[in-house]
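Student:
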Amino acid sequence: MLLILVFFVSVVTIFIWLHPGEKEELKTEAEKTGKVAGTEKEKGIAPKTEKKKVGSGISVQEKKRLFTVAITPAVHHVYTDLMEQYHQAEELLKTDEGNEQIITLKTKYKVTTNEELLMALKPHPQSITIAQAAMESSWATSRFYKEANNVFGVWSFNKNDQRIAAAENRSGKTIWLKKYNSIEDSIRDYYRTLATGRAYKEFRALKMQTDDPYKLVKKLDHYSEKGAEYGRELAEIIHFNKLEAYDKTQETTNNLPEK
177 MLLILVFFVS VVTIFIWLHP GEKEELKTEA EKTGKVAGTE KEKGIAPKTE
227 KKKVGSGISV QEKKRLFTVA ITPAVHHVYT DLMEQYHQAE ELLKTDEGNE
277 QIITLKTKYK VTTNEELLMA LKPHPQSITI AQAAMESSWA TSRFYKEANN
327 VFGVWSFNKN DQRIAAAENR SGKTIWLKKY NSIEDSIRDY YRTLATGRAY
377 KEFRALKMQT DDPYKLVKKL DHYSEKGAEY GRELAEIIHF NKLEAYDKTQ
427 ETTNNLPEK
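According to my numbering, the stretch in the sequence shown is residues 177 to 435, in order.
#1: Specify, as a first and last residue, the run of the alpha helix (DSSP H) that threonine 139 falls within.
#2: So what does DSSP say about valine 330, is it helix, strand or coil?
#3: Look up alanine 352 in the DSSP assignment and give the residues it is bridged to.
#4: Measuring CB atoms only, is the segment 292–305 touching the segment 370–383, in the sense that at least three cross pairs come out at less than 8 Å?
#5: Buried or exposed: which applies to lysine 322, given that a residue is buried once 16 or more other Cβ atoms fall within 10 Å of its Cβ?
#6: Alpha carbon to alpha carbon, what distance is there between valine 254 and lysine 391?
#7: Can you tell me where the alpha helix (DSSP H) with valine 393 in it begins and where it stops?
#8: To the nearest angstrom, how far is the alpha carbon of glutamine 308 from that of leucine 269?
#9: Comparing alpha-carbon positions, which option in Asp387, Leu353 and Arg380 lies nearest leucine 396?
#10: Which residue's Cα is closest to the Cα of arginine 346: Asp337, Tyr399 and Trp331?
#11: Going by the CB atoms, is the gap between glycine 329 and threonine 312 shorter than 8 Å?
#12: Considering isoleucine 149, what are the terminal residues of the alpha helix (DSSP H) in which it resides?
#13: Anyone know if the C-beta pair for tyrosine 157 and alanine 324 falls short of 8 Å?
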């Protein structure tokens, strides 16, 4: 009887771990460099445009649908803009006519060489962005998302920023999170963080060699205090929700890919 009970508990544990998207509550991650909040457990309402549909009895499937409607078109739009900028830079680097624009971009992305610039400009796959958005915003239900359009729980260290205070603090100090004018602004800031942060240099180098999200997420161990476990969790979310589909098409959809 004891062996049967142990086996049952093990099976349930494995099932939950392999289906992170089914959890009704996901913690916001904490970046070691202090970019992303990690101690928040607060849950807010899902996308503002559909607040009335959200209640205590909302299903996981509906929660994901609302997340998809709110997040994936914005991710696609930002990704498309960044990819266009990347291709334009490639063309400018082939001539001397674009020197001034290239210098401006190098200053913006804090790089000195052409190779570093292209590494910074090339956007990583949408599937990774969507998976991180799901994890960091608890499928668009976190208070940060609801009140500040802060999809990725990005911290603010500048008192002049638009920002909101976290409910918890660290060592008696208030944690502030950025407040964005739109979801797209939040996504653009997130892409820029990964394009300029020193902690993501290996990530940027690898995305010049592959677009495989499962290989790339392994280089996001510095994004979270969880380290390598963070990449494994992202991989599970991508796989379980078939988010690779967003990397294979230029079209957006209002639903997660069918299983």
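Backbone N, C-alpha and C define an ideal beta-carbon position, used for all residues, glycine too.
Tutor: In brief:
#1: The first residue shown for the chain is 177 and the last is 435, placing residue 139 beyond what the model contains.
#2: Working through the sequence shown from its first residue, we reach residue 330 at position 154. In this structure, valine 330 counts as strand in the three-state DSSP scheme.
#3: The residue given as residue 352 occupies position 176 in the sequence shown. It is tryptophan, not alanine, that sits at residue 352 in the sequence shown. According to DSSP, which records beta bridges pairwise, tryptophan 352 is partnered with Ala341.
#4: yes
#5: Stepping through the sequence shown from its first residue, residue 322 is reached at position 146. When all chains shown are included, lysine 322 counts as buried.
#6: As a working mapping, residue 391 is identified with position 215 in the sequence shown. As a working mapping, residue 254 is identified with position 78 in the sequence shown. Between lysine 391 and valine 254, the C-alpha separation is close to 22 Å.
#7: On the sequence shown, position 217 is the one that residue 393 refers to. Valine 393 -> no alpha helix (DSSP H), and no H or E assigned at all.
#8: Locating residue 308 in the sequence shown gives position 132, where the first residue counts as 1. Locating residue 269 in the sequence shown gives position 93, where the first residue counts as 1. One C-alpha to the other measures close to 32 Å.
#9: Taking the first residue of the sequence shown as position 1, residue 396 is located at position 220. Checking every option, the nearest Cα to that of leucine 396 belongs to Arg380.
#10: Working through the sequence shown from its first residue, we reach residue 346 at position 170. With distances taken between Cα atoms, arginine 346 lies closest to Trp331.
#11: One-based indexing of the sequence shown puts residue 312 at position 136. One-based indexing of the sequence shown puts residue 329 at position 153. A quick correction: the sequence has glutamate, not threonine, at residue 312. Between glutamate 312 and glycine 329, the C-beta gap is smaller than 8 Å, which places the two residues in contact.
#12: The structure shown has nothing for residue 149, since the chain only spans 177 to 435.
#13: The chain is shown from 177 up to 435; residue 157 falls before or after that span and cannot be answered.
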